Amino acid sequence: MQVTKCHLTLHDFLFYATREMGRLYETEKVIHNWALTYALGLVQKPHRSFNSVPTYQDDLTPINAAGVYVTPAKPIHYDYVISTFKLADNRHRPFSTVSNTRKKELGIKVTNKPSFGKAKELAPGSLFEFFIVGDLPDKLPKWIRLGIWMSKAGIEIKDTKFLTPKNGAFTCSHLLNPIDLAISSEFYDLISMPPVSLLQNARFNGEYVEFGNVCLPTSMAYFASVI
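Take 185 as the starting number for the sequence shown in this note's numbering and just add one per residue.
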């Protein structure tokens, strides 16, 4: 089983609203594996969707046929900054999508979006680690864009190993997406975030591989729990 360890370094402020507390919008110090899969170019999707309805399962499950899976990214080092945003500012224009007038013309439901507030963002220099299971894409990008501000991040391949699966009880210290697991965890720490909360320090009994001091279940695949 081929597993590749990658590092992701932020070169800009990264923001997405994991939690909303009044006018404060906080970014969790993790990067969801579905967002990372889109950013790496494994899904060919337009940047703008006029109906604003996510199609995660339709987009991601075809990747399973290639035997490729991307885990969430766990922080190695991170810093936070709090900044004030307003949509009239050029820097925050990507946060705007389709105008309410245009939505009404298209028959799309109009929803309120924050026009100003404070954003708790991950700072440049923050470093994350994630794994790619299966054969690497021919051209893994060195640079990707993430978050609402389309922030720039660098990708670096650190190591690739061909691992022999083991069987038994194990604890995974890395982040996992429960929707993408064919086995259930006995105990875990929960990181609440949309669109699917993630697991950390999860205990399992089943097949796994060891990459250094990280144990990963072999049953990871997009929407494995519902297919």
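Glycine included, each C-beta is placed from N, C-alpha and C at the ideal position. Keep in mind the model is a prediction, meaning the values are calculated, not measured.
Under 7 Å Cβ to Cβ from residue i, same chain only, skipping five residues before and after it: list those, please.
i      : result
Ser369 : Leu383, Ala386, Arg387 and Phe388
Thr211 : Leu198, Phe199, Tyr200, Thr202, Lys304, Glu305 and Leu306
Ile367 : Phe388, Gly390, Pro401 and Ser403
Ala408 : Asp364, Leu365 and Ala366
Taking the C-alpha atoms as reference points, what is the distance between residue i and residue j?
i      : j      : result
Gln241 : Ala223 : 16 Å
Phe416 : Val254 : Only positions 185 to 411 of the chain appear in this structure, which leaves residue 416 out of reach.
Ile332 : Ile260 : 22 Å
Tyr392 : Leu400 : 5 Å
Thr402 : Val410 : 17 Å
Glu204 : Lys302 : 10 Å
Thr239 : Trp218 : 11 Å
Phe279 : Tyr262 : Below a pLDDT of 50, predicted positions are generally treated as unreliable, and Phe279, at 47, falls in that range; the measurement from the model is reported next regardless. Answer to the nearest angstrom: the Cα atoms are 23 Å apart.
Gly309 : Leu194 : 5 Å
Leu320 : Thr188 : 8 Å
Met404 : Val398 : 15 Å
Gly251 : Val317 : 8 Å
Lys336 : Lys342 : 19 Å
Val227 : Asp243 : 6 Å
Gly396 : Thr344 : 11 Å
Asn274 : Gly338 : Annotation note: pLDDT 46 at Asn274 (below 50); position unreliable, no value reported.
Taking the beta strand (DSSP E) that residue i falls in, what are its first and last residues?
i      : result
Asn385 : Leu382 to Phe395
Thr351 : It is Asn, not Thr, that sits at residue 351 in the sequence shown. Counting along the chain, the beta strand (DSSP E) containing Asn351 begins and ends at Lys350 to Cys356.
Tyr372 : Phe371 to Ile375
Trp218 : Where Trp218 is concerned, there is no enclosing beta strand (DSSP E), although the alpha helix (DSSP H) it sits in stretches over Asn217 to Ala223.
Ala337 : Ser335 to Phe346
Lys258 : Lys258 to His261
Arg329 : Trp327 to Leu330
Pro401 : Val398 to Pro401
Met404 : Careful: Met404 lies outside any beta strand (DSSP E) and carries neither H nor E.
Leu208 : Leu208 to Glu210
From what residue to what residue does the alpha helix (DSSP H) around residue i run?
i      : result
Asp243 : Tyr240 to Leu244
If I measure Cβ to Cβ from residue i and keep anything under 6 Å in the same chain, skipping five residues before and after, which residues do I get?
i      : result
His276 : For His276, the predicted structure reports a pLDDT of 46, less than 50, and the residue's modelled location is therefore unreliable. A value from the coordinates is still provided. Contacts found: Phe269.
Ala353 : Asn389
Could you pull the DSSP bridge partners for residue i from this structure?
i      : result
Gly301 : Phe269
Asp196 : The partner list for Asp196 (beta bridge, DSSP) is empty, contrary to what the question assumes.
Gln186 : Phe346
Leu311 : Thr193 and His261
Val254 : Ile316
Leu360 : Leu383
Leu324 : Looking at the DSSP assignment, Leu324 forms no beta bridge with any residue, so it has no partner.
Leu365 : Met404
Leu226 : Answer by DSSP bridge pairing: none, since Leu226 is not bridged.
Quick one: residues in its chain with C-beta nearer than 8 Å to the C-beta of residue i, no 5 flanking neighbours on either side, listed in chain order?
i      : result
Ala257 : Leu192, Val214, Ile215, Asn217, Leu220, Phe312, Glu313, Phe314 and Leu359
Arg207 : Pro298, Phe300, Gly301 and Lys302
Pro378 : Thr202
Ser381 : Pro362, Leu374 and Ile375
Can a CB atom of chain C be found closer than 7 Å to the CB of residue i?
i      : result
Asn397 : As a matter of chain content, chain C is missing from the structure shown, which is built from one protein chain.
Would you say residue i touches the ligand FMN, meaning its beta carbon is less than 6 Å from a heavy atom?
i      : result
Leu383 : Of the ligands one can find in the structure shown there are none, so the ligand FMN has no counterpart to examine.
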